[in-house]
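Notes to accompany the following structure.
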Amino acid sequence: MNALQTYLPTVGRIFLALIFILAGLSKIPAIEGNVGYMEMFGVPGLLIWPTILVEVVGGIMLAIGFKARWAAAALGAFSLVAALIFHTDFSNQMEITNFLKNVAIVGGMLYVIAFGPGALAVDTRK
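The numbering of the sequence shown is my numbering, which starts it at -3 and goes up by one.
In structure tokens:
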């Protein structure tokens, strides 16, 4: 395996994971505002804690490559659902960008699901 195939999947997983870890952690100090945002779209506010858990724990699992395919599946599904609930005001350019960002994340997760976490992952340790 050449160096690109060894290291790039790890870098890609970390880049994909960072958005979830940081987004999840940033929700904690602003719980009320995030609950209000969710409820504005008809999502029950009590789902804030499962949301944070999925983002942070799933992001960490993806970053370290532990059960990476499962983490990628969960985070990809989460991203697709979030896009369809929160980012469908296509009259707003920022919402189009956010929708497409989520779709791109789903694409990255599909790569992890299809090809695995790469050589540098907890899942591939012997």
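Using N, Cα and C, we set each Cβ at its ideal position, and we do this for glycine too.
Selected residue, minimal CA-CA separation from residue i, among the options
| i | options | result |
| --- | --- | --- |
| V31 | A19, L21, W45, L18 | W45 |
| Q71 | I17, S22, E28 | In the sequence as presented, Gln is not what sits at residue 71; that position holds Leu. Checked all of I17, S22, E28; the closest Cα to L71 is I17. |
| K63 | L12, I109, Y3, L96 | I109 |
| A117 | L49, A67, K23, E51 | A67 |
| V77 | N98, E91, M90 | N98 |
| R65 | P113, V53, G104 | P113 |
| I48 | A19, A69, G61, S75 | A19 |
Simplified DSSP state of residue i, which is helix, strand or coil
| i | result |
| --- | --- |
| K63 | coil |
| L18 | helix |
| S75 | helix |
| R121 | coil |
| P40 | coil |
| A115 | coil |
| T84 | coil |
| N94 | helix |
Cβ of residue i within 8 Å of any chain B Cβ
| i | result |
| --- | --- |
| M34 | This model lacks chain B altogether, as it is built from one protein chain only. |
Presumed contact (8 Å Cβ cut-off) between residue i and residue j, rounded CB distance
| i | j | result |
| --- | --- | --- |
| I81 | F37 | 6 Å |
Local Cβ density within 10 Å of residue i, reported as buried at 16 or more and exposed below that
| i | result |
| --- | --- |
| F86 | exposed |
| M90 | exposed |
Whole-angstrom distance between residue j and residue i, CA atom to CA atom
| i | j | result |
| --- | --- | --- |
| A59 | T6 | 7 Å |
| A26 | Y33 | 11 Å |
| F95 | R121 | 36 Å |
| E51 | G29 | 17 Å |
| G104 | L12 | 7 Å |
| Y3 | H83 | 33 Å |
| Y107 | G8 | 10 Å |
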